[in-house]
Every structure is written in structure tokens, then in C-alpha cells.
Amino acid sequence: MQRFIAGRLIQSLLTLFIISLFVFGLVRLTGNPLDVMLPIDAPPDLRQRVGQQLGLDRPLHFQYLLFLRSLSHGDLGTSIRTRRPVTELLAQRLPNSLKLIGASIVLVLLIALPLGVIAATRKDSFWDVAARTLALLGQSIPTFWAGIILIAVFAVRLDLLPAGGDQGPQYLVLPTMTLGLFGFMLAGVVRLLRASMLEVLDSDYVKFARIKGVGELAVVWKHALKNALIPVITFVGFYFGILLAGTVVVETVFAWPGIGRLAYEAVQWRDYPVIQGVVLLVSGITLATNLLVDVLYGYLDPRIRYG
Amino acid sequence: MAREAPFDALPRSWSASFLRRLRSWPVIPAIIFGFFVAIAVVADWITPYSPYATALSNRLVPPFWEETGTLAHLLGTDRLGRDILSRIIYGARVSLVAGLAAVAVGGTAGTILGLLSGYFGRWADGIIMRATDAMLSLPIILIALLFAVTLGPSFGNLILVLVLVMWARFARLVRGEVLTWKEREFVALARVAGCSTLRILCRHIFPNVVNPLMVLATLQVGWVIIVESSLSFLGAGIPPPTPSWGAMIADGRAYVTTAWWLSFFPGLALVLVVLAINLLGDWLRDFLDPRLRNLN
Chain U
1 MQRFIAGRLI
11 QSLLTLFIIS
21 LFVFGLVRLT
31 GNPLDVMLPI
41 DAPPDLRQRV
51 GQQLGLDRPL
61 HFQYLLFLRS
71 LSHGDLGTSI
81 RTRRPVTELL
91 AQRLPNSLKL
101 IGASIVLVLL
111 IALPLGVIAA
121 TRKDSFWDVA
131 ARTLALLGQS
141 IPTFWAGIIL
151 IAVFAVRLDL
161 LPAGGDQGPQ
171 YLVLPTMTLG
181 LFGFMLAGVV
191 RLLRASMLEV
201 LDSDYVKFAR
211 IKGVGELAVV
221 WKHALKNALI
231 PVITFVGFYF
241 GILLAGTVVV
251 ETVFAWPGIG
261 RLAYEAVQWR
271 DYPVIQGVVL
281 LVSGITLATN
291 LLVDVLYGYL
301 DPRIRYG
Chain S
308 MAREAPFDAL
318 PRSWSASFLR
328 RLRSWPVIPA
338 IIFGFFVAIA
348 VVADWITPYS
358 PYATALSNRL
368 VPPFWEETGT
378 LAHLLGTDRL
388 GRDILSRIIY
398 GARVSLVAGL
408 AAVAVGGTAG
418 TILGLLSGYF
428 GRWADGIIMR
438 ATDAMLSLPI
448 ILIALLFAVT
458 LGPSFGNLIL
468 VLVLVMWARF
478 ARLVRGEVLT
488 WKEREFVALA
498 RVAGCSTLRI
508 LCRHIFPNVV
518 NPLMVLATLQ
528 VGWVIIVESS
538 LSFLGAGIPP
548 PTPSWGAMIA
558 DGRAYVTTAW
568 WLSFFPGLAL
578 VLVVLAINLL
588 GDWLRDFLDP
598 RLRNLN
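Set out below in C-alpha cells:
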């Protein structure tokens, strides 16, 4: 087990290393990084000071070490637009994004769990077809368009829900629906649960439970579902990072003040330090959750560890 | 994994047999996809207006069936008076070229790396697979935004970012396939017969990998088109005024209360194309390789 964790940890660090090289190298491809990192009207003495901080007159490997050092101190630079530390902006916005993601995951599970189970127990019934159609539509409809259509219907035509902003729980409804119902999340959970339920329902222990005289409801919803859920939980864990990156689109549509919206604004203003901060933060969180899920899964299912 | 036989003769409900028929008979998605390919190819001859021609006196004209609509602009005009239908037709070109180019380039690179990784194993495998893992865990949309901010948004940069993730997906699939094929007898026999490594890879192993490769490639085209339009929507894809569906939807966002058609029609085109591609991919999977039925 320790070897397994160590292996995965090294792998995650390697990925983090590649991402840091990426971020570091990309800005140096543009010529003078100061042009991207500072406002156009930055005074010469500021340019000189930041240039020294980045060690621009030193060799590249030395610059990279400096970059890593400031990262390890949590120093991600200063936003060009707001002139505030990037770390502060991220800390302020992240909770909003997590709220949105949490609500979406709950919504997806509320819909996908019953749908996936029913689809598996009554293969080819109406519900099975509905589940598969929903999965197909979910992965074919882009979130940003879905969000705009939801606004047009629920906010403009029906005037039921607010179109954007964040001033109370009702503001969470449309973004949550958009993030949860469209894209691969719902489709993935329904398909995975259906497939894994079909497999589990065919296993010996489920047959044995039936022979033992356990009621059908208990067989399906207790005995089978419990094991069928393991791959689903893994999927949701892995999907967390993808959702976090996907908030860019949804938060932009709904003017939701999270890190995704922050990234979008940074693109509009060409605010390099902010976008770099968001990329590093999201990558870090993604790697951490993936690692956690892997270790947890390896713990629950020893076959993975030695596989 | 796949429990259902492909041609199961058991009686089924009407709805299930309809979905099954749609999948086993992909004429409708094929027609939709073919239609969009055709209009993308002949866009220059069939568009009623130039996609760039602005006419401020004709701003925000609704589609023809609305009260103030006109047959001159079937799907209406945008905030600069540009014809929506013409822009959608040209947008098809952008989306399809981006999707096909990224999958072609990334798929080829990934296939070669996957073949090498699976066949040679050892350190080559180690390096290529670690790189694959890293690429697959990158937040791709955010990396693309980073590209757009540093290098500026352009079609080339967009393709570059898409290729960057694309190769990893192909490399992983091909490597897995190669691992199952390379221990087969016919490969050993080919080696004994004195075939070169290149020949074994190209003539004996690769043909066995083609089917799953085609399935993955088809499904990836749909995914790439969605990512491309998302990036254009965020202003990090294809720079204006080039008509791209994502950018058109973004343009219409500010007019969602007054001019719904600005966002609606480009989005509808996008959904139709991606849906058609996904259905074709599903069909191809069932047809070529039933083992992969639970791939997604």
C-alpha cells in the first residue's frame, strides 16, 4: 500500500512539474515576460524591480528556481487589472465555485442514482431509453448554450429565476442545473452506474441473496447498489477537477463570482498573473483530488493496488 | 462487459426498438453530418450574403416567421446587421476544420507514440505513459485561456492546445491495444520470418488497432467541436470577425432578452452536428467493435 501511494504521489508531482514548466515556459516564449505580467503603463522602476525579482538577466534554470520559490511561498504575483495579490483574489473566489460544484454534484446524484438503477433493472424499458437519451443529449449540448437557453426560458420568458449574480439561494438554481445536467457529468454517472449495476446484478452474491429470499427491493437498492456505487464515486472524484475547470463557462454565462469568472475576466483584460494563478490552483486541486480518490480506491479494492 | 448480444431477437418495447433502430441504421445522423460538411465546402457559393458584410440599418432583424422578419434574412441578422444564416454556414467550416484537424494531427501523433510505447515497453513506455497521464489531467480549457492570454488568440494556437490533449487519449488507447496483440502468435511468426520491427508494427499490429481507433476518432471530433466553441465563446478561440458558432453565441448573450435568435440558431447548429457525430460514433462502435460498447 505504501508503495502504491508513493508511486501515485511521484506521478502527481511529475504532473505538477510539467504544468509548472508549461506556465513558466509559455510566458517566456512571448519575448519579454514583463510585457505580459505588468500593465502597459507600468513605471520603469517597477519594471526594473519585477525584472530583478524574476531574475530576467539570469540563466533560465535560475529563473525557474526563483519561480518555484515564489510559488512555494504562495506568491502568485499581482493582478494587472485590480493591482491586488492574486492569492487574495483566488481565496476570495474559490468558495463560490466550490458551492456551485457541490450543488451540481448533489443534483446529478439525485437524478442519476434512481435513473441508473432503474435503467439497469429494467433494461430496454422506457426508463432505460430515457436514461440513455439523456446521457446522449447531455454530452451533445454545450453548457454555455444550455445556460443561455435556460436564462431565456426561466429568467426572461417565465420570469421565475434570476438570470445572473449571487444574492441568495435562488441565484444558484440555474447555474447548478447548467453545470450538472449538461456536459459529461450526468451522462457519465448514468452510463457508469447502469453498466456497473448490470454487472453486479449478475454476480453470485446477488443471486445468493435472492435465493436466500431477500426482497427484490432490498437486493437492488441495498446489496447491489452498494457495490455498484464504487466506480461511480471514483468517477465523481475524478470529475471534480473537470468541473472546476468547467466553471469558467458556466460562471461566465451567469456572472457567478467564482474562480471561473475570474479566469474569464483575466482573459478579457489579458491579466496574465491571474490566469496563471487560476491554472495552477485548479491543476493543484485536481491532482490532489485524483490522488485522494486513487488512494481511497486502492484501499477499498486491493486489486487496484497490485494491478 | 457487454451483456447484450448485438442482434438480440428478444421482444422489446417500442421505444427501445426505436433507439436501437436509430443506432443500427445511422442514416439520419449521417445525413445531418453530411449536410453540414457539404455546406461548409460550398459555403462560398450558397451563402446569400458575405458573413462579414455589416448593415447597421438592418440590425437585429428577427427570423422570417416573426412579425418584423423578412425573407431576405431567413434567420435574421445580428447586432451589426450581418446575416445569421450566412455566418452559421461559414461557422460550420470553422468548427469542422478545427475538429477534424485537431483529431487528425493529435490522433496520428498519439497513434505513433502509442505503438512505440506498447511495442517497446521499458523506458519508452514509462516516459510516454507518464506524459500521457500528465496531459490527461491538465485543465484543458484553462490551459487554452493561458495560451490565448500569452500568445494571443488564433486558429493555430487553438489547434495546438487541442492537439496537446488529443494525442494522449489516442496514445493510451493504442498502447493498450498493442499490448494485447503483440504477444499473439502471428506477430511472433512474423518476427521469426525476419520481418523488420517497422513492418511488424505497420503491417501486422496496426491493422488490428484501426477499428477502435476509428471509434475513438469519431467520438473525439464531437468533443473537440464543443471545446472549440467553448473557447471561442470565452474569447480565447478563433478571433473575431471570423464567424464561429461559439463567438456568435457569445455575441447573442447580451441580447438574450430582446433578440433570442442571435444565440439560438448557432447553438442549434452546434448541437445538431455534435449529436450526429456522437450517434455515428456510437453506431460505429457497435458495428466495428462491440467490446467497446461501455467505453464511455
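Top line first, the protein sequences correspond to chains U and S. End of the first sequence = 307 in our numbering, gap-free, step of one. End of the second sequence = 603 in our numbering, gap-free, step of one. Here a beta-carbon is modelled for each residue, glycine too, at the ideal position from N, C-alpha and C. Keep in mind that this is a model prediction, so the values were computed, not measured.
Proximity winner among the options, relative to residue i (alpha-carbon distances)
| i | options | result |
| --- | --- | --- |
| Val295/U | Phe238/U, Gly215/U, Ala255/U and Leu76/U | Phe238/U |
| Ile148/U | Gly574/S, Leu378/S and Val410/S | Gly574/S |
| Pro336/S | Val581/S, Asp593/S, Val516/S and Phe594/S | Val581/S |
| Ile339/S | Thr565/S, Ser503/S and Ala576/S | Ala576/S |
| Phe17/U | Leu378/S, Leu526/S, Asp440/S and Met521/S | Asp440/S |
| Leu407/S | Met521/S, Ala478/S and Val481/S | Met521/S |
| Ile275/U | Ser357/S, Val349/S, Ile545/S and Ala451/S | Ala451/S |
| Ile19/U | Asn290/U, Tyr297/U, Tyr299/U and Leu281/U | Leu281/U |
| Leu579/S | Pro142/U, Lys99/U, Arg84/U and Ser97/U | Pro142/U |
| Met555/S | Val531/S, Ser539/S and Ala543/S | Ser539/S |
| Gly260/U | Arg93/U, Gly77/U, Leu54/U and Asp45/U | Arg93/U |
| Val528/S | Phe493/S, Val401/S, Val494/S and Ala409/S | Ala409/S |
Within-8 angstroms CB hit, residue i to chain U
| i | result |
| --- | --- |
| Arg386/S | no |
| Gly574/S | yes |
| Pro355/S | no |
| Phe462/S | no |
| Ser444/S | yes |
| Ile466/S | no |
| Phe594/S | no |
| Leu392/S | no |
| Gly406/S | no |
| Ser570/S | yes |
| Ser536/S | yes |
| Val578/S | yes |
| Ala566/S | no |
| Thr457/S | yes |
| Gly529/S | yes |
| Ile396/S | no |
| Ala316/S | Caution applies to Ala316/S, whose pLDDT of 44 falls short of 50 and renders its modelled position unreliable; the model cannot decide the point. |
| Ala312/S | In this predicted model, Ala312/S has a pLDDT of only 44, less than 50, meaning its place in the structure is not dependable enough to derive any value. |
| Asn601/S | The predicted position of Asn601/S is uncertain, since its pLDDT is 48 and thus under 50; a value taken from the coordinates is nonetheless stated next. True, the Cβ-Cβ gap to chain U drops below 8 angstroms. |
Buried/exposed call for residue i, threshold 16 Cβ in 10 Å
| i | result |
| --- | --- |
| Asn585/S | buried |
| Leu392/S | buried |
| Val334/S | exposed |
| Gly215/U | exposed |
| Arg310/S | Residue confidence for Arg310/S is low, a pLDDT of 44 falling below 50, so the modelled location carries little weight; the figure read from the coordinates is stated next. Its Cβ having fewer than 16 others within 10 Å, Arg310/S is exposed. |
| Tyr299/U | exposed |
| Thr619/S | Chain S is shown from 308 up to 603; residue 619/S falls before or after that span and cannot be answered. |
| Val348/S | exposed |
| Gln2/U | exposed |
| Gln139/U | buried |
| His380/S | buried |
| His223/U | buried |
Contact belief for residue i with residue j at Cβ below 8 angstroms, rounded distance in angstroms
| i | j | result |
| --- | --- | --- |
| Ser570/S | Trp256/U | Actually they are not in contact, since the Cβ atoms of Ser570/S and Trp256/U sit about 18 angstroms apart, beyond 8 angstroms. |
| Arg482/S | Gly433/S | The pair is not a contact, with the Cβ atoms about 12 angstroms apart (cut-off 8 angstroms). |
| Tyr359/S | Asp390/S | Between Asp390/S and Tyr359/S the Cβ distance is about 10 angstroms, and since that is not below 8 angstroms, they are no contact. |
| Pro334/U | Leu100/U | Nothing about residue 334/U can be reported from this structure: the residues present for chain U run from 1 to 307 only. |
C-beta neighbour in chain S for residue i, strict 8 angstroms
| i | result |
| --- | --- |
| Phe240/U | no |
| Ser283/U | yes |
| Gly307/U | Reliability of the predicted coordinates at Gly307/U is poor, the pLDDT of 47 falling under 50, and the value obtained from them is presented with this limitation in mind. Cβ-Cβ to chain S under 8 angstroms: no for Gly307/U. |
| Val23/U | yes |
| Leu13/U | no |
| Ala308/U | No statement about residue 308/U is possible, as the shown extent of chain U runs from 1 to 307 and does not include it. |
| Ala103/U | no |
| Ala228/U | no |
| Arg3/U | no |
| Ile18/U | yes |
| Thr78/U | no |
| Ala42/U | no |
| Ala91/U | no |
| Ile148/U | yes |
| Ala6/U | no |
| Ala245/U | yes |
### Task
Could you run through the stretch 132 to 146 of chain U and flag, in chain order, every residue whose CB is less than 9 angstroms away from some CB of chain S?
Residues of the stretch 132 to 146 of chain U that bring their beta carbon within less than 9 angstroms of a beta carbon in chain S comprise Arg132, Thr133, Ala135, Leu136, Leu137, Gln139, Ser140, Ile141, Pro142, Thr143, Phe144, Trp145 and Ala146, in sequence order.
Quiz item: For the stretch 431 to 442 of chain S, which residues have a beta carbon sitting closer than 7 angstroms to at least one beta carbon of chain U?
Solution: Answer in chain order: Arg437, Asp440 and Ala441.
Residues from the stretch 261 to 295 of chain U in contact with chain S, defined by Cβ distance under 8 angstroms = Across the stretch 261 to 295 of chain U, CB contacts with chain S closer than 8 angstroms involve Ala263, Tyr264, Ala266, Val267, Gln268, Arg270, Asp271, Tyr272, Ile275, Gln276, Val278, Val279, Val282, Ser283, Thr286, Leu287 and Asn290, in sequence order along the chain.
Residues, ordered as in the chain, of the stretch 538 to 556 of chain S that lie near chain U by beta-carbon distance below 8 angstroms:
With the criterion set as a beta carbon lying under 8 angstroms from some beta carbon of chain U, the members of the stretch 538 to 556 of chain S are Phe540, Leu541, Gly542, Ala543, Gly553 and Ile556, in sequence order.
* Asked: Which residues, taken in chain order from the stretch 409 to 424 of chain S, show a beta carbon closer than 9 angstroms to some beta carbon of chain U?
  -> Those would be none; no residue qualifies.
Counting only Cβ-Cβ distances shorter than 8 angstroms, please list the residues of the stretch 209 to 223 of chain U near chain S, keeping chain order. For the stretch 209 to 223 of chain U, there are no residues whose beta carbon sits under 8 angstroms from a beta carbon of chain S.
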